[in-house]
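Q: Using my numbering, you'd call the opening residue of the sequence shown number 438 and step up by one each time.
Beta carbons: idealized from backbone N, C-alpha and C, even for Gly.
Computed from a predicted structure; not experimentally measured.
Below is one structure. I have some questions about it.
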Amino acid sequence: MGSELNSINTKPANAGESDPNDDSPLLESAAEDIQELEKKFAAFVRNDVYGSMGRGKLPLKEKLLIGIALVALLPIRLVLVMAILVVYYLICRIFTLFSVPNLEEEQEDFAHLGGCRRAVIVQSGRFLSRLLLFTVGFYWINEIHKDLANTQENSKTENTKQSEEQERPGAIVSNHLSYLDILYHMSSSFPSFVAKISVSKLPLIGLIGKCLGCVYVQRESKSSDFKGVAGIVTDRVRNAHQNELAPMMMLFPEGTTSNGDFLLPFKTGAFLAGAPVVPVILRYPYQRFSPAWDSISGVRHVVFLLCQFVNHLEVTWLPVYHPSQQEKDNPQLYANNVRKLMAAEGGLILSDIGLAEKRIYIAALDGNNSLSSVLHQKND
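The structure is reproduced here in structure tokens:
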């Protein structure tokens, strides 16, 4: 028996057996796991120099650049951003004094205000939103406005076109890459948004959101409030379509952010009213840090964004999309057709994953972070 045990213990590590002191199989497995994750969740994969979660090993040049920006740029930009927010908060506070907020199914907003008060809130909001973008490095924004002749779907008669041109769209629909998207749309058209209910309780931001006329939703809830929120959004879209004084709704039908190369499946909220919509395609060209907010944490994203000297934004406005009767009767068909048009015009890849898969991807990245750190060290 002893000789058999000795023969087992002294057997060389071959024939498929691994050496416990050799970590290369583990590293190879981790690398394969990460590659599989990136293939499966390609719509959320970051490809900038900071890595998937902003924790990648940086080259010396990048360390020097970010070191300089942390000292010379970040403090100035933070102070300016806070100053602009405070100024706009005070404007909103002053021009909503003695005003009763509009209360509708537990929603509270000041978007119903009219006259000079509303005009000041809107015009100052647009100006200060653009100033905020300028402050964080978006010194110029490349905007392209396409007409019907330049789009791929143009099969309607001239009489139909003329009658449709008189119809006001009820909503703007846009792909979603970052919280910066909201600043851009505020600066361009100052629409109402759908936001998490926690936003309404944030200092400064809460009142600004109410002046925008945001519709608040509890995302984690599975109760019937979703029907209520969907009903409010539909009413707002229909009202904006019929009343030129009503604020337009700005909706991100993907429901979450992507890395900007893909277009996720559309939810039907923007299309339930059957009103025309304006499709908008956003893109953030980058060299070092991607402004897309996909898998990176909020604080880390803000720091890296403010440390980037110049940021770029390209916007493509498509013509108003007028739904056919079939699309009005079938909101999912309407959503799918607008999505296909945006993908074709923006050169975006259609993806079939969404928020649920994004959460899985981020959780997997968190679990693999220690292994990927080991991989970086070994490769260096």
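1. Mark V523 as exposed unless 16 or more other C-beta atoms lie within 10 angstroms of its C-beta, in which case mark it buried.
2. Leaving out the 5 sequence neighbours to the left and right, which residues in its chain are closer than 7 Å to D731 when beta-carbon positions are compared?
3. Just to confirm before moving on: does the CB-CB distance between V508 and E499 stay below 8 Å?
4. Please give me, in chain order, every unbroken run of the alpha helix (DSSP H) with length at least 4 that falls completely inside the stretch 743-812.
5. Quick check on DSSP: helix, strand or coil for I471?
6. Along the chain, which unbroken stretches of the beta strand (DSSP E) at least 3 residues long are found entirely within the stretch 525-581?
7. Would you list the residues sitting across from F699 in a DSSP beta bridge?
8. In the DSSP assignment, the beta strand (DSSP E) including S611 goes from what residue to what residue?
9. Go ahead and pull the three-state DSSP assignment for P512.
10. Taking just the CA atoms, how far does G804 sit from L463?
11. Does E473 pass the burial test, meaning 16 or more other C-beta atoms within 10 Å, or should it be called exposed?
12. Kindly list the residues whose CB is nearer than 6 Å to the CB of V757, restricted to its own chain and excluding five residues on each side of it in sequence; keep chain order.
13. Enumerate in chain order the residues of its own chain whose CB-to-CB distance from L515 is below 8 Å, with the five nearest sequence positions on each side excluded.
14. Closer than 6 Å by C-beta to A780: which residues in its own chain qualify, once you throw out the five before and the five after it? Chain order, please.
15. Under 8 Å, do L511 and D618 count as touching if we go by C-beta distance?
16. What separation, rounded to the nearest whole angstrom, lies between the Cα atoms of K647 and F547?
17. Based on DSSP bridge pairs, tell me the residues matched to P716.
18. Looking at the structure shown, is S866 part of a helix, part of a strand, or coil, going by DSSP?
19. Give a yes or no on contact between the stretch 560-571 and the stretch 630-644, applying the rule of three or more CB pairs nearer than 8 Å.
20. Going by DSSP, name the residue or residues bridged to K633.
21. Output yes or no for whether 8 Å exceeds the beta carbon distance between M685 and A677.
22. Which residue comes first and which comes last in the beta strand (DSSP E) that contains L688?
23. What residue does the alpha helix (DSSP H) around G643 start on, and which one ends it?
24. Leaving aside the five residues before and after I642 along the sequence, list all residues of the same chain whose C-beta is less than 7 Å from its C-beta, in chain order.
25. Give me, in chain order, the residues of the same chain whose beta-carbon lies closer than 7 Å to that of R675; leave out the 5 immediate sequence neighbours on both sides.
26. A793 to S624, Cα distance in whole Å?
A: Taking the structure as given:
1. Mapped onto the sequence shown, residue 523 falls at position 86. It counts as exposed.
2. As a working note, residue 731 is residue 294 in the sequence shown. Cβ neighbours of D731 beyond the five flanking positions: F481, R483, T694, S695 and N696.
3. The residue you call residue 508 lines up with position 71 of the sequence shown. The residue you call residue 499 lines up with position 62 of the sequence shown. Going by C-beta atoms, V508 is not nearer than 8 Å to E499.
4. DSSP runs (the alpha helix (DSSP H)) wholly in the stretch 743-812: 762-766 and 768-783.
5. The residue given as residue 471 occupies position 34 in the sequence shown. Note: I471 maps to helix in three-state DSSP.
6. 539-541 and 544-546
7. Residue numbering aside, residue 699 sits at position 262 when the sequence shown is read from its first letter. The partner list for F699 (beta bridge, DSSP) reads I786.
8. Along the sequence shown, read from residue 1 onward, the residue named residue 611 stands at position 174. A608 to S611 is the span of the beta strand (DSSP E), which, as asked, contains S611.
9. Residue 512 sits at position 75 when you count from the first residue of the sequence shown. It is helical.
10. Your numbering for residue 463 matches position 26 in the sequence shown. Your numbering for residue 804 matches position 367 in the sequence shown. For L463, the pLDDT reaches just 43, beneath the cut-off of 50, and the residue's location in the model is therefore unreliable, although a value from the coordinates is still provided. Rounded to the nearest angstrom, the two C-alpha atoms are 14 Å apart.
11. Counted from its first residue, the sequence shown places residue 473 at position 36. That one is exposed.
12. Along the sequence shown, one-based indexing puts residue 757 at 320. Cβ neighbours of V757 beyond the five flanking positions: P606, P713 and V715.
13. For this step, residue 515 is matched to residue 78 along the sequence shown. Counting only Cβ-Cβ distances below 8 Å, and skipping sequence neighbours, we find L743.
14. Stepping through the sequence shown from its first residue, residue 780 is reached at position 343. Result list for A780: L700 and L787, in chain order.
15. The sequence position of residue 511 within the sequence shown is 74, counting from 1. The sequence position of residue 618 within the sequence shown is 181, counting from 1. Contact: no.
16. In the sequence shown, the residue the question calls residue 647 occupies position 210. In the sequence shown, the residue the question calls residue 547 occupies position 110. One C-alpha to the other measures close to 6 Å.
17. Against the sequence shown, residue 716 aligns to sequence position 279. Under the DSSP definition of a beta bridge, P716 partners with V610.
18. Here the chain has residues from 438 to 817 only, and residue 866 is not among them.
19. no
20. Numbered from its first residue, the sequence shown carries residue 633 at position 196. DSSP lists V654 as partners of K633.
21. Translated into positions along the sequence shown, residue 685 becomes position 248. Translated into positions along the sequence shown, residue 677 becomes position 240. In this structure, M685 sits near A677, with a CB-CB distance shorter than 8 Å.
22. Counting from 1 along the sequence shown, the entry for residue 688 is found at position 251. Here the beta strand (DSSP E) through L688 covers M686 to L688.
23. The residue given as residue 643 occupies position 206 in the sequence shown. Start and end: I642 to L649.
24. Counted from its first residue, the sequence shown places residue 642 at position 205. Correct list, in chain order: V636.
25. Residue mapping note: residue 675 aligns to position 238 of the sequence shown, counting from 1. The residues are G607, A710 and A712.
26. In the sequence shown, counting from the first residue as 1, residue 793 sits at position 356. In the sequence shown, counting from the first residue as 1, residue 624 sits at position 187. Spanning the two alpha carbons is a distance of roughly 31 Å.
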